[in-house]
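So for the sequence shown, this note's numbering puts the first residue at 364; every next one is plus one. By construction, the Cβ of each residue, glycine as well, lies at the ideal position given by its N, Cα and C atoms. None of the values given here were measured: they were computed from a predicted structure. Since the structure comes first, as structure tokens, the remarks are kept for the end.
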Amino acid sequence: MWLFDTSRDKKLYHTGLLLLRLVVSCFMLTHGAQKFMMLFSGEPIKFADPFGLGETLTLVLAFIAEFVCSIFILIGFATRLAVIPPIINMFVIVFVVHNTDGFDRQELPGLYLVIYVLLLIIGSGKYSVDHLINKKSRPKLFS
């Protein structure tokens with residue numbers, strides 16, 4: 364019965380990965396855009412600084428993880444590398460910044476963390492710049 368079929372339809376698999384990349388990137392871009400506005404608002408920066416790097420540097424690192432890396436993930440460029448900063452960022456948010464705040468403050472960054480780890484393991488899929496690069500660089504042995 365199709366409802367319980369666990370075999371993988373390649374087209375649906377790659378479409379699912381594309382959808383996952385697009386949705387998580389677009390959602391995270393909104394958080395990154397807020398960081399961008401904070402950086403250039405001209406007001407004093409007030410941001411969590413759990414490791415004593417300074418509020419401004421911590422905000423810049425969060426912006427890179429949430430905005431710049433989201434653009435790479437969105438187009439599927441260097442996806443496995445691009446998910447590493449967001450993984451670190453979400454890990455710090457869940458287990459350091461909101462460590463004692465309870466599940467309601469950890470839930471969303473925890474979901475992002477799992478999605479980024481999944482993309483690290485699986486990669487970007489066929490509908491990505493990664494696939495185009497890999498396809499062009501792969502030698503054609505039996506042409």
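Residues near residue i by beta carbon distance below 7 angstroms, same chain, minus five either side
i: proline 448; result: Ile427, Ala428, Cys432
i: glycine 473; result: Val457
Alpha-carbon spacing of residue i relative to residue j, whole angstroms
i: arginine 371; j: histidine 461; result: 37 angstroms
i: isoleucine 436; j: glutamate 406; result: 30 angstroms
i: phenylalanine 403; j: alanine 396; result: 11 angstroms
i: valine 387; j: leucine 380; result: 11 angstroms
i: proline 422; j: cysteine 389; result: Correcting the residue type first, residue 422 is leucine in the shown sequence and not proline. Computed Cα separation, rounded: 19 angstroms.
i: glutamine 469; j: valine 457; result: 5 angstroms
i: leucine 382; j: glycine 417; result: 36 angstroms
i: arginine 394; j: phenylalanine 430; result: At residue 394 the sequence reads histidine, which differs from the arginine that was named. For histidine 394 and phenylalanine 430, the distance between alpha carbons rounds to 8 angstroms.
i: valine 459; j: methionine 401; result: 22 angstroms
i: isoleucine 434; j: lysine 373; result: 25 angstroms
i: phenylalanine 367; j: phenylalanine 440; result: 33 angstroms
i: isoleucine 484; j: glycine 415; result: 31 angstroms
Nearest-angstrom beta carbon gap, residue j and residue i [assumed within contact, 8 angstroms]
i: serine 500; j: aspartate 493; result: Actually they do not touch by this definition, with Cβ atoms about 11 angstroms apart.
i: threonine 419; j: serine 491; result: Not quite, the Cβ-Cβ distance comes to about 33 angstroms (not below 8 angstroms), so this is no contact.
i: valine 446; j: leucine 482; result: 5 angstroms
i: lysine 489; j: histidine 377; result: 4 angstroms
Spatial neighbours of residue i in its chain, beta-carbon cut-off 8 angstroms, leaving aside the 5 residues before and after
i: leucine 385; result: Leu437
i: serine 506; result: Per-residue confidence for serine 506 stands at a pLDDT of 48, beneath the threshold of 50, marking its modelled position as unreliable; no derived number is given.
i: phenylalanine 399; result: Phe426, Phe430
Mind the definition here: the stretch 443-460 touches the stretch 477-497 only if three or more C-beta pairs lie below 8 angstroms; say whether that holds. A contact exists between the stretch 443-460 and the stretch 477-497.
Any chance the stretch 463-475 sits against the stretch 409-423, with 3 or more Cβ pairs inside 8 angstroms? In short, these stretches do not touch, since the Cβ pair count stays below three.
Inside the stretch 392-460 only - beta strand (DSSP E) runs reaching at least 3 residues: Whole beta strand (DSSP E) segments, 3+ residues: zero.
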